[in-house]
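Before any comments, here is the structure.
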Amino acid sequence: RPATGGRKSVGRVVGKNEDWHRHQDWARRSKYLGKKALCRMEVGFGDSLETHKKVGVVWGWIPADETGYSVEDEKTGVKKDVALWRVHLEEGDDPSDIFASAVVDAEEHELVSYIKDYEKKMKEEERDAGIIQ
26 RPATGGRKSV GRVVGKNEDW HRHQDWARRS KYLGKKALCR MEVGFGDSLE THKKVGVVWG
86 WIPADETGYS VEDEKTGVKK DVALWRVHLE EGDDPSDIFA SAVVDAEEHE LVSYIKDYEK
146 KMKEEERDAG IIQ
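In our numbering, the protein residues as written are 26 to 158.
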């Protein structure tokens with residue numbers, strides 16, 4: 026379950042081999058497809074929980090009535106199905122990278138946050154590169 030309240034949302038890392046209805050016409054229509062995102066994943070090691078960030082590309086999505094994934098509304102307590110977007114994480118050069126070639130499934134509010142975080146990171150890197158040069 027993603028983090029709620031004052032904490033940032035965290036995507037769920039899942040298996041990569043699902044076809045995600047790519048043959049369906051609606052699966053190819055989303056304003057987020059092809060966008061880069063800076064995903065956050067929480068990993069537990071013993072009693073500690075670490076947050077990791079990794080860049081990925083939005084690859085596909087499933088509408089709410091197809092996902093079978095529901096969340097509870099914090100105000101009403103009512104569960105509702107939600108759409109999910111799949112982000113394929115980029116492969117790195119580090120062989121110990123536990124997220125290499127993994128995917129993250131994100132709800133829309135998480136995905137929007139990840140995309141904004143990526144754009145912010147790129148602007149910061151461009152600014153820093155200008156200072157260094």
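Quick reminder that beta carbons are idealized off the backbone N, C-alpha and C, glycines included. For clarity, every value in this text was computed on a predicted model and none was experimentally measured.
Less than 8 Å between C-beta atoms, sequence neighbours within five positions excluded: which residues of the same chain meet that for residue i?
| i | result |
| --- | --- |
| L136 | Y57, A62, V83, W110, V112 |
| A89 | K105, D106, V107, A108 |
| D98 | K104, K105 |
DSSP on residue i, reduced to helix/strand/coil?
| i | result |
| --- | --- |
| L58 | coil |
| D130 | strand |
| V68 | strand |
| V103 | coil |
| G81 | strand |
| E75 | strand |
| G30 | With a pLDDT of 35 at G30, under the threshold of 50, the predicted position of this residue should be treated as unreliable, though the coordinate-derived value follows. Coil, per DSSP. |
Return yes when the Cβ of residue j is within less than 8 Å of the Cβ of residue i, no when it is not.
| i | j | result |
| --- | --- | --- |
| K78 | L114 | no |
| C64 | G85 | no |
Use the C-beta contact count for residue i: other C-beta atoms within 10 angstroms, 16 or more gives buried, fewer gives exposed.
| i | result |
| --- | --- |
| R54 | exposed |
| G155 | exposed |
| K148 | exposed |
Within the same chain, show all residues whose beta-carbon is closer than 6 Å to that of residue i, passing over the 5 residues directly before and after it, in chain order.
| i | result |
| --- | --- |
| E75 | V68 |
| E132 | V107 |
| K60 | V83, I140 |
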